[in-house]
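What follows is a short report on a single structure.
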Amino acid sequence: MAGEHGAEHHAARVDVTTYNGMIGFLKWGAVGAGLLVALVIYLIAG
């Protein structure tokens, strides 16, 4: 039973790591998209 609990805890830890990775990826993706849009607007307006 202890082994099963450990496996569940490990899976939960992996899920949290994946979740944090996705959040980081989305955050930087949004930053990159924002910079790209700002650059395009700057080039068009400039």
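If you're matching positions, the sequence shown starts at 5 in this note's numbering and goes up one per residue. Note that beta-carbon positions come from the ideal geometry of N, C-alpha and C, so glycine has one too. Bear in mind the structure is a predicted one, so any value in this text is a computation, not a measurement.
Can you find a C-beta in chain D that's less than 9 Å from the C-beta of residue i?
| i | result |
| --- | --- |
| ALA42 | As a matter of chain content, chain D is missing from the structure shown, which is built from one protein chain. |
Determine the DSSP secondary structure at residue i, reduced to helix, strand or coil.
| i | result |
| --- | --- |
| GLY25 | helix |
| GLY38 | helix |
| GLY33 | helix |
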